[in-house]
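Take a look at the structure set out below.
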Amino acid sequence: MDPTDTLAAEIFERHHIAVFRFFRRLTGRTDVAEDLTQEVFLRVVKGVKQYHVMGRETGWLFQIARRVLIDHHRRHAETTVSLSDTDPDHASNPPAQIVAFGLQEAVDRLSDGERAAFLLREVGGLTYGEIADVCDTTADGVSARLLRARARLRQLLSTQLSSLGRPRGQRGTS
Amino acid sequence: VNPNHLQVLSRFFDGESVEPALLAESLAEPDAATYLAECAALRAWIRDDESRPSERFYDAMHRALSPANTRRALWRRLVRPALAASLLLVGAALGYEIRARIGPPSSMSGIGIGTGTTAMSPVARRPAEPQSTAMHTPPEAAPRQKAEAPPRPGSARESVPVPVAQLRFASWRETGRGGEEH
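Protein sequence lines, in the order shown, are assigned to chains A and B. All the letters of the first sequence, read from the start, carry residue numbers 1 to 174 under the working numbering. All the letters of the second sequence, read from the start, carry residue numbers 1001 to 1182 under the working numbering.
Encoded structure:
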């Protein structure tokens, strides 16, 4: 078997779940997440030799994921979504004390840049440097985005987070 | 909590490098422990996701990847060997053509392919006196000998006029009587 085939298969085995969950969190739809994940790994198979040059597997993979997401939004002519941090306060802000958010809803209310940085860190497990490469920003920019994302999520999910001591099933829905 | 300290705590929580003194200051904040605990809760919550792609996804992936594998396998098994054989044939043809134009090397007769300690073939050990004698013969010698031989009748050499003796009559006088007088 060609070593590149083996490598592509190994990358798929290692990361397809993380990529799928990243897209699912990002889009909120399972079917779209599957399509996008499939597209990512088709591109991985085509460009796996480039990976030998670049090294860092996870960063490379999520850079592909980012391009796939951008292409997806272009194709479907939806509202332009980029992973750049253009509008940190784009979400209208209903009082978090009144509306109890589930995790997905809270993540959806982050700005595009904050959401991408947060999910790349927490779901993808990327370092600040890798996230910076994926999002075309600096490590300090990533740090600032993550700080804002966490502050906002803490605000939106304060009720659920205050029940940390309870069993998992009694927390907010995801 | 001071936002700078929150940023230090956030970086520390993510495993990024932070200055120890700044970290100590940040951890000394009253709500630092709560902040770290909530970050950990968010992480656990977001990672508490058992969702997996459906069977449809795996089937589609299998179908999508198989043709590519088949094409690459075809390339490896058929096209590459055919290409190598073609290159070999072209090389051989070129070599034959070049040899035909240049001719065999003159030193070929002296080269023997032997086994053991025999390095020279019997052809190479043949004495070369006749050849060397012929080569040292002056090229003018033979034609000169031929020139001294008598010319054959009818040859080109016979047409050259041969010098003849010229007779002079020193006191020649004609008379009116039809006779000659000396």
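For glycine and all other residues, C-beta sits at the position ideal for the given N, C-alpha and C.
Check: What residue from Glu130/A, Leu7/A, Arg154/A has the CA that sits closest to Leu1006/B's CA?; Outcome: Arg154/A
Check: Can you tell me where the alpha helix (DSSP H) holding Thr30/A begins and where it ends?; Outcome: 30-46
Check: How would you call Val1001/B, buried or exposed, if buried means at least 16 neighbouring beta carbons within 10 angstroms?; Outcome: exposed
Check: Identify which residue in Leu146/A, Gly124/A, Asp140/A has its Cα closest to the Cα of Asp112/A.; Outcome: Leu146/A
Check: Can you tell me the Cα-Cα spacing of Leu161/A and Ala1040/B, whole angstroms?; Outcome: 10 Å
Check: Listed in chain order, which residues of the segment 25-41 of chain A have Cβ atoms closer than 9 Å to some Cβ of chain B?; Outcome: Arg25, Thr30, Asp31, Ala33, Glu34, Asp35, Thr37, Gln38, Phe41
Check: In chain B, which residues lie with their C-beta within 7 Å of the C-beta of Glu122/A?; Outcome: Arg1043, Ile1046, Arg1047
Check: Are the CB atoms of Arg1063/B and Glu122/A nearer to each other than 8 Å?; Outcome: no
Check: Strictly under 8 Å for the Cβ-Cβ distance: is Ser111/A near chain E by that measure?; Outcome: Note that chain E does not occur in the displayed structure, where the protein chains are A and B.
Check: Please confirm if Leu156/A has its CB atom under 8 Å from at least one CB of chain B.; Outcome: no
Check: Does the beta carbon of Pro1053/B come closer than 8 Å to any beta carbon on chain A?; Outcome: yes
Check: Would Tyr128/A be called buried (16 or more neighbouring beta carbons within 10 Å of its own) or exposed?; Outcome: buried
Check: Restricting to Cα atoms, I'd like to know which of Arg148/A, Leu61/A, His72/A is closest to Arg115/A.; Outcome: Arg148/A
Check: Under the three-state reduction of DSSP, which class applies to Asn1004/B: helix, strand or coil?; Outcome: helix
Check: Rounded to a whole number of angstroms, what is the C-alpha to C-alpha distance between Arg1101/B and Val45/A?; Outcome: 50 Å
Check: Pull up the distance between the alpha-carbon of Trp1045/B and that of Leu103/A, whole angstroms please.; Outcome: 8 Å
Check: How about Ser143/A and Ser1017/B: do their beta carbons lie closer than 8 Å?; Outcome: no
Check: When Cβ atoms are compared, which residues of the segment 6-22 of chain A fall closer than 9 Å to chain B?; Outcome: Ala8, Ala9, Phe12, His16, Ile17, Phe20, Arg21
Check: Can you give the Cα-Cα distance for Ser1086/B and Ile1098/B, rounded to whole angstroms?; Outcome: 18 Å
Check: Would you verify that the beta carbon of Ser92/A is, or is not, closer than 8 Å to some beta carbon of chain B?; Outcome: For Ser92/A, the predicted model reports a pLDDT of 42, less than 50, meaning its position is unreliable; a value from the coordinates is still stated below. For Ser92/A, the answer is no, since every Cβ of chain B falls outside 8 Å of its Cβ.
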